Amino acid sequence: MSVNLLPQELRPKGSYVKLSKTLKKFALVSTIVMLVTSSVVLASYLLLRYQISSSIKKQDELKGNIKALEQTEQKMILIKDRLDKIGKIEKSDNINKGVGILEDVLGTLEENVFLEEVELKPANAQVVIVTGNSLELTHFLSKLMSQVKLVRIDLVSLEYGPTKGYEMKLSLSR
Amino acid sequence: MKMSLFRKILTPNIMVLLGPISVLLGVIILFVIILNNGYSQIKTQLSTLKTTRNSENQLQTKLDKLKDIPPGILDNSSDVIVVLPYKNPGILIISQMRLYANNNSLSLSKIELKNASKTNDQLAKMQLSGEFDIPNFLSAVNFLKNMISSAPISTLDELTIKLSQAGALEGELKTSAYWADLPTQLPPLNEPFRELTKEEQDLLTKVANFSQPEFTTLPPTTPGQRENPFK
Numbered sequence: 000m001s002v003n004l005l006p007q008e009l010r011p012k013g014s015y016v017k018l019s020k021t022l023k024k025f026a027l028v029s030t031i032v033m034l035v036t037s038s039v040v041l042a043s044y045l046l047l048r049y050q051i052s053s054s055i056k057k058q059d060e061l062k063g064n065i066k067a068l069e070q071t072e073q074k075m076i077l078i079k080d081r082l083d084k085i086g087k088i089e090k091s092d093n094i095n096k097g098v099g100i101l102e103d104v105l106g107t108l109e110e111n112v113f114l115e116e117v118e119l120k121p122a123n124a125q126v127v128i129v130t131g132n133s134l135e136l137t138h139f140l141s142k143l144m145s146q147v148k149l150v151r152i153d154l155v156s157l158e159y160g161p162t163k164g165y166e167m168k169l170s171l172s173r
Numbered sequence: 000m001k002m003s004l005f006r007k008i009l010t011p012n013i014m015v016l017l018g019p020i021s022v023l024l025g026v027i028i029l030f031v032i033i034l035n036n037g038y039s040q041i042k043t044q045l046s047t048l049k050t051t052r053n054s055e056n057q058l059q060t061k062l063d064k065l066k067d068i069p070p071g072i073l074d075n076s077s078d079v080i081v082v083l084p085y086k087n088p089g090i091l092i093i094s095q096m097r098l099y100a101n102n103n104s105l106s107l108s109k110i111e112l113k114n115a116s117k118t119n120d121q122l123a124k125m126q127l128s129g130e131f132d133i134p135n136f137l138s139a140v141n142f143l144k145n146m147i148s149s150a151p152i153s154t155l156d157e158l159t160i161k162l163s164q165a166g167a168l169e170g171e172l173k174t175s176a177y178w179a180d181l182p183t184q185l186p187p188l189n190e191p192f193r194e195l196t197k198e199e200q201d202l203l204t205k206v207a208n209f210s211q212p213e214f215t216t217l218p219p220t221t222p223g224q225r226e227n228p229f230k
């Protein structure tokens with residue numbers, strides 16, 4: 000049998016003792032939660048560190064493999080550089096289209112229709128056509144319009160001389 | 000006096016709560032510190048992992064693309080250098096012009112190289128002009144088509160063909176020759192690798208089919224004794 004020798008006023012009240020017990024339980028639970036959380040945080044941190052270091056290791060390995068293919072890369076860089084510049088040259092003003100127009104115009108010429116002069120510029124192609132009579136001239140023009148792909152045909156001049164016949168200057172663009 | 004104040008504050012009721020409250024407070028403070036630090040550390044590590052994974056993927060893609068380049072494309076690297084050389088190709092273009100003029104029965108009467116200059120696109124340019132006697136227009140067209148598809152690359156800038164007083168066809172052609180410095184350095188290792196686009200592949204096929212200039216290789220001669228060292 001226990002004997003309480005403390006004076007009654009030094010003993011805590013029953014409700015406080017009960018609250019103290021509850022608080023102790025809370026403290027225990029909180030400690031457990033804190034320990035579990037800390038372990039999870041630490042484990043996540045270590046896992047991430049491991050993943051980062053293995054990724055860096057893989058990167059080094061890949062860099063080594065890419066370095067081994069340096070010659071291939073050099074060739075590709077060279078090809079791309081040249082193609083880029085060749086593309087710019089091809090896009091610059093030139094008379095390549097005019098050469099096509101001239102070839103097509105030659106294909107439409109008939110027996111008594113002559114090409115006398117050609118001037119090719121990036122913007123257009125100018126041709127001078129000479130023929131003996133107006134019928135052939137009309138026939139040539141209709142053939143030119145139907146057979147040659149052109150965006151615009153401008154009649155620059157049309158002259159007639161009894162010895163030369165009809166001389167027509169056309170400006171053609173594609 | 001002091002003792003009695005302590006006794007008044009630290010009553011047995013308070014004393015019985017003090018222990019668990021202090022433990023609980025300590026745990027809460029520790030918990031906040033661990034959560035705060037842990038969260039920021041994990042956040043940093045996650046972003047580092049994301050960055051390294053991205054770099055790893057980029058490198059892997061680059062390696063795969065480098066391994067997948069068809070060998071035919073790489074074989075064209077010497078062709079593109081001939082098409083757009085790193086030195087003035089004026090002499091080569093004149094040689095090509097002469098060759099095609101001969102092949103198409105044109106007679107080259109005058110040729111001129113002038114105005115070497117740099118363009119905005121890291122290209123160097125020089126103007127070439129030539130005068131020709133032409134047998135007929137068809138020969139002139141064939142000559143021009145040969146020039147368009149020949150290496151080194153040149154652009155045909157202007158052409159005039161007229162009947163002379165004597166009734167012969169005379170032509171004047173203005174062209175431009177181009178060259179450009181070679182790239183001097185490789186891009187950084189982790190820079191993404193750009194494959195050839197469809198347009199670039201078509202252009203490569205086109206320029207690889209350009210007719211190449213004919214180079215003559217002189218055979219090496221064995222050293223001999225010079226009888227007269229002053230000749």
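Residue numbers (numbering that gives the first Met the number 0), protein chains in the order written: chain S, 0 to 173; chain Z, 0 to 230.
Every residue, glycine too, gets a C-beta built ideally from N, C-alpha and C.
Since the structure is predicted, the reported quantities are computational estimates derived from the model, not experimental observations.
Contacts with chain Z at 8 Å (Cβ-Cβ) do not include F139/S. Any Cβ of chain S closer than 8 Å to the Cβ of D120/Z would place that residue at the interface, and such an atom is present. By DSSP's assignment, Y165/S forms a beta bridge with T130/S and Y159/S. In the three-state reduction of the DSSP assignment, E157/Z falls in the strand class, which pools E and B.
Contact check for I41/Z against V40/S passes: the beta carbons are separated by less than 8 Å. Segment contact: the region 94 to 111 of chain S against the region 144 to 158 of chain Z, three or more CB-CB distances shorter than 8 Å; contact assigned.
Following the DSSP letters along the chain, one finds Y49/S inside the alpha helix (DSSP H) bounded by residues G13 to A67. Against chain S, the CB of K42/Z has no partner CB under 8 Å away; the residue lies outside that interface. Here the alpha carbons of K117/Z and L73/Z stand approximately 29 Å from one another.
The residue among E72/S, T30/S, N111/S and V155/S with its C-alpha nearest the C-alpha of L188/Z is E72/S. At a cut-off of 8 Å between beta carbons, I78/S contacts chain Z. Nearest neighbour of T50/Z by Cα position, chosen from L46/S, I55/S and Y49/S, turns out to be I55/S. Distance from the Cα of E69/S is smallest, within the candidate group F192/Z, P84/Z, V31/Z and G37/Z, for F192/Z. In this structure the region 92 to 110 of chain Z touches the region 124 to 139 of chain Z; the number of beta carbon pairs closer than 8 Å is three or more.
Chain Z has no Cβ within less than 8 Å of the Cβ of V35/S. Contacts between N93/S and chain Z, judged by CB atoms closer than 8 Å, involve T154, L155 and D156 in chain order. Within chain S, the residues whose beta carbon sits less than 7 Å from that of S54/Z are Q58, listed in sequence order. Contact of A42/S with chain Z is not assigned, every C-beta pair being separated by 8 Å or more. Cα atoms of I152/S and L169/S: separation of roughly 7 Å, rounded to the nearest angstrom. The region 71 to 87 of chain S makes no contact with the region 132 to 147 of chain S; the number of CB pairs closer than 8 Å stays below 3. Rounded to the nearest angstrom, the gap between the Cα atoms of Q50/S and S37/S is 20 Å. Between E116/S and L162/Z, the beta carbon gap of about 7 Å places them in contact (Cβ cut-off 8 Å). For Y38/Z, the enclosing alpha helix (DSSP H) has its first and last residue at P11 to K66. With a contact defined as Cβ atoms closer than 8 Å, A176/Z and P212/Z miss out at about 12 Å. CA-to-CA, the gap between N132/S and V112/S works out to about 9 Å. Across the set E102/S, N64/S and V35/S, the C-alpha of E102/S shows the shortest separation from the C-alpha of L149/S. In the pairwise beta carbon analysis, the region 9 to 25 of chain S is classified as touching the region 12 to 19 of chain Z: at least three pairs are separated by under 8 Å.
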